[in-house]
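In our numbering, the protein residues as written are 51 to 372.
Shown next as structure tokens:
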């Protein structure tokens, strides 16, 4: 059903432009309704389930993130893309797709063109992955759990991970969601690291905007500028997705017996409906003509990073469950 919703949305979106009056509803479905669906999925799991899946995957997530960033750094330098675009592509591939790109862009002072290129590139390869991963998973004989972990480790955006997992099986969806939420939860540390790195880079080059924290023992003398610690706290706080917290809270309530089985079933059904609606919204937002703005260089970098991530993540998914 999820795959049908996605493909139907893509066909409609590319057959003719959506009326402007429908765009707010489509955007709502693809973002907030998706987050509600993912959060409600927590009612189907206990904290033991979450820890059993997410705990072992934490170290592996660090490995796959490092793979993505390293690939973008090497191939991006060879392709001649700007450092800012490289950071956006690396963050989008490694962490959580377009949300990470939007969060990282002001930190590295990326311009609108670089943000557009990064978002389009991540959307292209995330969409390809959510369509190809289930086929590859069946072909190589991945179990539901193995596929879920693989998808959670290697597919870019949360919506794409959820779509791929739901296409494979209900159990794959649960595993994919938990692993993806581990990646999402690491967005805070990643953004803090980017903030520190950017500040030191600005100080070294002398290119320090007024009021920008440098995190190197001195900051520009600007009365209204936040201190480095305050700036880091704000960055971390804004990077923790509320739906991740809601997911964990519901899982904790289920573990404590505060959510009965029949209530969990209802919430699980609502989650499935919300996810299906959200994925239809994702399809309706995917216009091939708009993705064509991306030049060859970002596409090559995105292809290299996505391929490396998928290849490295596959044996690691089996290792976690092995």
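Even glycine gets a Cβ: it sits at the ideal position worked out from N, Cα and C.
| Cβ shell of residue 63 (< 8 Å), same chain only, five flanking positions each side left out | Position 13 of the chain shown holds residue 63. The residues are 333, 334, 335, 336, 337.
| message | Given a cut-off of 8 Å on the beta-carbon distance, is the pair residue 160 and residue 135 in contact? | response | As a position in the chain shown, residue 160 is number 110, starting the count at 1. As a position in the chain shown, residue 135 is number 85, starting the count at 1. Going by C-beta atoms, residue 160 is nearer than 8 Å to residue 135.
| said: What does the alpha-carbon distance come out to for the pair residue 107 and residue 347? | reply: Start at 1 with the first residue of the chain shown, and residue 107 comes out as number 57. Start at 1 with the first residue of the chain shown, and residue 347 comes out as number 297. Distance between the alpha carbons of residue 107 and residue 347: 32 Å.
| field | alpha helix (DSSP H) runs contained entirely in the region 123-192, provided each spans 4 or more residues | value | 133-141, 147-154, 162-189
| residue 223 and residue 212 look like a contact to me (Cβ under 8 Å); what is the Cβ gap, rounded to whole Å? | As a working note, residue 223 is residue 173 in the chain shown. As a working note, residue 212 is residue 162 in the chain shown. With a Cβ gap of about 7 Å, residue 223 and residue 212 count as contacting.
| CB contact flag (residue 174, residue 331, <8 Å) | By one-based count along the chain shown, residue 174 stands at place 124. By one-based count along the chain shown, residue 331 stands at place 281. Against a cut-off of 8 Å, the Cβ pair of residue 331 and residue 174 comes out as no contact.
| message | Tell me the rounded alpha-carbon separation between residue 165 and residue 198. | response | In the chain shown, residue 165 corresponds to position 115, counting from 1. In the chain shown, residue 198 corresponds to position 148, counting from 1. Roughly 29 Å between the two C-alpha positions.
| request: Count the other C-beta atoms from every protein chain shown that fall within 10 angstroms of the C-beta of residue 73, then say buried if there are 16 or more, exposed otherwise. | output: By one-based count along the chain shown, residue 73 stands at place 23. Exposed is the call here.
| field | Endpoints, the alpha helix (DSSP H) within which residue 365 is located | value | Here residue 365 corresponds to residue number 315 of the chain shown, with the count starting at 1. It spans 346-371 - the alpha helix (DSSP H) in which residue 365 sits, taken as one unbroken run.
| Under the three-state DSSP convention, the category residue 331 falls into | Residue numbering aside, residue 331 sits at position 281 when the chain shown is read from its first letter. The answer is helix: DSSP assigns residue 331 an H, G or I state.
| task | List the whole-angstrom C-beta distance separating residue 217 from residue 184, where the pair is believed to meet the contact cut-off of C-beta under 8 Å. | result | Counting from 1 along the chain shown, the entry for residue 217 is found at position 167. Counting from 1 along the chain shown, the entry for residue 184 is found at position 134. Contact holds; Cβ gap of about 5 Å.
| request: Whole angstroms is fine: what's the gap from residue 158's alpha carbon to residue 243's? | output: Residue mapping note: residue 158 aligns to position 108 of the chain shown, counting from 1. Residue mapping note: residue 243 aligns to position 193 of the chain shown, counting from 1. Cα to Cα, the separation comes out at about 11 Å.
| Cβ shell of residue 132 (< 7 Å), same chain only, five flanking positions each side left out | In the chain shown, the residue the question calls residue 132 occupies position 82. Taken in chain order, the residues that qualify are 164.
| request: Measure from the alpha carbon of residue 137 to the alpha carbon of each residue in 194, 245, 93, then state which is nearest. | output: Translated into positions along the chain shown, residue 137 becomes position 87. Minimum Cα distance to residue 137 is reached at 245.
| message | DSSP three-state label for residue 106, please. | response | The residue given as residue 106 occupies position 56 in the chain shown. Residue 106: helix per DSSP, three-state reduction.
| So does the region 74-90 actually touch the region 291-302, counting three or more Cβ pairs closer than 8 Å? | As far as the Cβ criterion goes, the region 74-90 touches the region 291-302, which means the pair count is three or higher.
| Would you call residue 370 buried or exposed, if buried means 16 or more other Cβ atoms sit within 10 Å of its Cβ? | As a working mapping, residue 370 is identified with position 320 in the chain shown. Its Cβ being crowded by 16 or more others within 10 Å, residue 370 is buried.
| query | If we count the other Cβ atoms within 10 Å of its Cβ and call it buried at 16 or more, is residue 98 buried or exposed? | reply | On the chain shown, position 48 is the one that residue 98 refers to. It is exposed - the Cβ of residue 98 has fewer than 16 other Cβ atoms within 10 Å.
| field | residue 345 versus residue 301 - alpha carbon distance | value | As a first step, residue 345 must be located in the chain shown, where it is residue number 295. As a first step, residue 301 must be located in the chain shown, where it is residue number 251. For the pair residue 345 and residue 301, the Cα-to-Cα distance works out to about 43 Å.
| query | Can the beta-carbon of residue 93 be found less than 8 Å from the beta-carbon of residue 304? | reply | Sequence index remark: in the chain shown, residue 93 carries index 43 (1-based). Sequence index remark: in the chain shown, residue 304 carries index 254 (1-based). In this structure, residue 304 lies closer than 8 Å to residue 93 by Cβ.
| Mapping DSSP to helix, strand and coil, what is residue 52? | Residue mapping note: residue 52 aligns to position 2 of the chain shown, counting from 1. Reduced to three states, the DSSP call for residue 52 is helix.
| Could you give the C-beta distance for residue 143 and residue 355, rounded to a whole number, given that I count them as a contact under 8 Å? | Numbered from its first residue, the chain shown carries residue 143 at position 93. Numbered from its first residue, the chain shown carries residue 355 at position 305. Contact holds; Cβ gap of about 4 Å.
| query | So, is residue 127 buried or exposed, given that buried needs 16 or more other C-beta atoms within 10 angstroms? | reply | One-based indexing of the chain shown puts residue 127 at position 77. Exposed, because fewer than 16 other Cβ atoms sit within 10 Å of the Cβ of residue 127.
| said: Rounding to the nearest angstrom, what Cα-Cα distance links residue 266 and residue 179 in this structure? | reply: The residue given as residue 266 occupies position 216 in the chain shown. The residue given as residue 179 occupies position 129 in the chain shown. Interpretation of residue 266 is limited by its pLDDT of 47, a score under 50 that renders its predicted location unreliable; no figure is taken from the coordinates.
| task | Write down the C-beta distance between residue 36 and residue 219 rounded to the nearest angstrom, noting that I regard them as a contact closer than 8 Å. | result | An answer regarding residue 36 cannot be provided, because it is not within the stretch 51 to 372 covered by the chain.
| For residue 364 and residue 196, the rounded distance between their alpha carbons | Start at 1 with the first residue of the chain shown, and residue 196 comes out as number 146. Start at 1 with the first residue of the chain shown, and residue 364 comes out as number 314. In a straight line, the C-alpha of residue 196 is about 8 Å away from that of residue 364.
| Collapsed DSSP secondary structure at residue 67 in the structure displayed | As a position in the chain shown, residue 67 is number 17, starting the count at 1. Coil at residue 67, not helix or strand.
| task | In the DSSP assignment, find the alpha helix (DSSP H) that holds residue 206 and state where it starts and stops. | result | One-based indexing of the chain shown puts residue 206 at position 156. Looking at the DSSP string, residue 206 is not in any alpha helix (DSSP H), and its letter there is neither H nor E.
| task | Just confirm the distance between the C-beta atoms of residue 68 and residue 76, as a whole number of angstroms; I'd bet it's less than 8 Å. | result | Within the chain shown, numbered from 1, the residue matching residue 68 stands at position 18. Within the chain shown, numbered from 1, the residue matching residue 76 stands at position 26. Yes, residue 68 and residue 76 are in contact; Cβ-Cβ is about 7 Å, under 8 Å.
| query | Roughly how many whole angstroms lie between the Cα atoms of residue 152 and residue 358? | reply | Position 102 of the chain shown, counted from the first residue, corresponds to residue 152. Position 308 of the chain shown, counted from the first residue, corresponds to residue 358. Rounded to the nearest angstrom, the two C-alpha atoms are 23 Å apart.
| With a Cβ-Cβ cutoff of 8 Å, do residue 240 and residue 141 count as a contact? | Your numbering for residue 240 matches position 190 in the chain shown. Your numbering for residue 141 matches position 91 in the chain shown. Yes.
| Looking only at its own chain, which residues have a Cβ that is under 7 Å from the Cβ of residue 368, when we skip the five neighbours before and after it? | Mapped onto the chain shown, residue 368 falls at position 318. The answer, listed in chain order, is 196.
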